[in-house]
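First comes the structure, then the notes that go with it.
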């Protein structure tokens, strides 16, 4: 899948058709390297590196 930007927020990915619960599940996986919060606050935005996210997503679909 092609993404419009290299770094996207959870809400932007949701607009592309991903379910919010799926994105939270992927963001909270142990040892993942593609999602991070913008600050240390609990309510901070979750940002995804779309290239790394897509590679991990493809690994998950193959399994």
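Numbering (our numbering), first residue to last: 3 to 65. The beta carbon of each residue, even a glycine, is placed where N, CA and C say it ideally should be.
Give me the residue from 40, 61, 27 and 65 with the minimum Cα distance to residue 11. Here the question's residue 11 lines up with position 9 in the chain shown. The option with the nearest alpha carbon to residue 11 is 40.
Neighbourhood of residue 56 by C-beta distance below 8 Å, restricted to the same chain and skipping five residues each side: Within the chain shown, the letter at position 54 stands for residue 56. Closer than 8 Å at Cβ, skipping near neighbours: 3 and 5.
Pull up the DSSP beta-bridge partners for residue 39, would you. In the chain shown, the residue the question calls residue 39 occupies position 37. 48.
Straight-line Cα distance separating residue 61 from residue 26: Working through the chain shown from its first residue, we reach residue 26 at position 24. Working through the chain shown from its first residue, we reach residue 61 at position 59. Near 17 Å, if we compare the C-alpha coordinates of residue 61 and residue 26.
Indicate the three-state DSSP secondary structure (helix, strand or coil) for residue 3 in the structure shown. In the chain shown, the residue the question calls residue 3 occupies position 1. Residue 3: coil per DSSP, three-state reduction.
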